[in-house]
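The letter at position 105 of the sequence shown is residue 105 when you use full-length UniProt numbering, and the numbering goes up by one with no holes. Virtual Cβ for every residue (Gly too), placed ideally from N, Cα, C. Read through the structure below, which is laid out as structure tokens, and then see the notes.
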Amino acid sequence: MLFSGIDVAFALGYAKPRNAINVHCKGALKRGVLTPGGVQSMIFIPEGDVYRLITKSRLKSAQNFEKWVFDEVLPAIRKTGGYMETDLLERVKDNPELLLEFAERLLAENNRNKELQNRVNDMQPKADYFDHFMVEGECTNIRTTAKEIAFPERKFVKLLLKKGFLYRSPSGTLLPYADAKNNALFIVKDYFNNGHLGSQTLITPKGKEFFKDLCAEEI
Numbered sequence: 001m002l003f004s005g006i007d008v009a010f011a012l013g014y015a016k017p018r019n020a021i022n023v024h025c026k027g028a029l030k031r032g033v034l035t036p037g038g039v040q041s042m043i044f045i046p047e048g049d050v051y052r053l054i055t056k057s058r059l060k061s062a063q064n065f066e067k068w069v070f071d072e073v074l075p076a077i078r079k080t081g082g083y084m085e086t087d088l089l090e091r092v093k094d095n096p097e098l099l100l101e102f103a104e105r106l107l108a109e110n111n112r113n114k115e116l117q118n119r120v121n122d123m124q125p126k127a128d129y130f131d132h133f134m135v136e137g138e139c140t141n142i143r144t145t146a147k148e149i150a151f152p153e154r155k156f157v158k159l160l161l162k163k164g165f166l167y168r169s170p171s172g173t174l175l176p177y178a179d180a181k182n183n184a185l186f187i188v189k190d191y192f193n194n195g196h197l198g199s200q201t202l203i204t205p206k207g208k209e210f211f212k213d214l215c216a217e218e219i
């Protein structure tokens with residue numbers, strides 16, 4: 001089961017959720033998610049990382065949760081193989097039918113989780129397409145990249161063409177060569193405009209660092 005990393009970190013009081021995820025989480029991953037505003041790239045974390053964020057949080061409620069998990073839930077699981085709150089145990093003792101009701105709820109929740117997983121599996125090809133072709137938050141177009149590395153845009157384009165990183169398609173679009181040296185430096189974003197499919201070259205964070213050094217040599 002995966003959780004929205006930003007939402008979890010924000011709820012736990014982290015002022016900089018992305019930093020908290022980078023520092024404390026071991027299984028964070030990005031996936032394309034279909035939202036009312038279109039497909040968005042979101043960070044998801046597994047259950048283990050949720051607990052890691054909880055144990056590092058300074059919120060009182062998170063500290064109480066941590067104490068409950070480590071002092072009560074985990075010891076009970078080690079002893080009995082499961083965990084049930086004391087209040088529920090007392091109620092089951094007085095009314096055994098509650099145990100059947102509890103089991104039915106667990107079964108219903110399990111079936112719901114399976115249904116949700118099937119829906120996720122159905123959407124995965126679209127998410128994979130997004131991850132491969134669509135823009136990631138850290139990637140920027142050529143103009144924005146030139147501004148970020150403080151290098152004139154026209155001069156930047158000429159340099160990329162001259163050094164063999166980019167070429168112009170027949171329609172005039174700047175595209176990266178399918179060359180090993182271009183690996184991880186660019187991504188190509190597909191888009192639709194007035195019924196026509198187009199492409200835009202974006203530069204990755206690794207590409208920005210690389211071209212920043214390259215442009216520094218040209219100054």
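Taking 9 Å as the threshold (C-beta atoms), are residue j and residue i in contact?
i, j, result
"E218", "K155", "yes"
"L185", "K206", "yes"
"A9", "R18", "yes"
"G48", "G27", "yes"
"Q145", "F211", "Rather than Gln, the amino acid found at residue 145 in this sequence is Thr. The answer is yes: Cβ separation under 9 Å."
How is residue i classed by DSSP in three states: helix, strand or coil?
i, result
"K189", "strand"
"residue 268", "Not covered by the structure: residue 268. The range shown for the chain is 1 to 219."
"T204", "coil"
"S199", "strand"
"F44", "strand"
"R31", "strand"
"R58", "coil"
"N183", "coil"
"L12", "coil"
Look at the alpha carbon of residue i and the alpha carbon of residue j, and state the distance between them as a whole number of angstroms.
i, j, result
"K189", "L159", "22 Å"
"A62", "I54", "6 Å"
"T201", "Y167", "11 Å"
"I43", "C25", "11 Å"
"K16", "P170", "45 Å"
"G164", "E138", "24 Å"
"F3", "T140", "27 Å"
"T204", "A108", "44 Å"
Taking the beta carbon of residue i as the centre, do at least 16 other beta carbons fall within 10 Å, making it buried, or is it exposed?
i, result
"D7", "exposed"
"R119", "exposed"
"G32", "buried"
"R52", "buried"
"A20", "buried"
"G172", "exposed"
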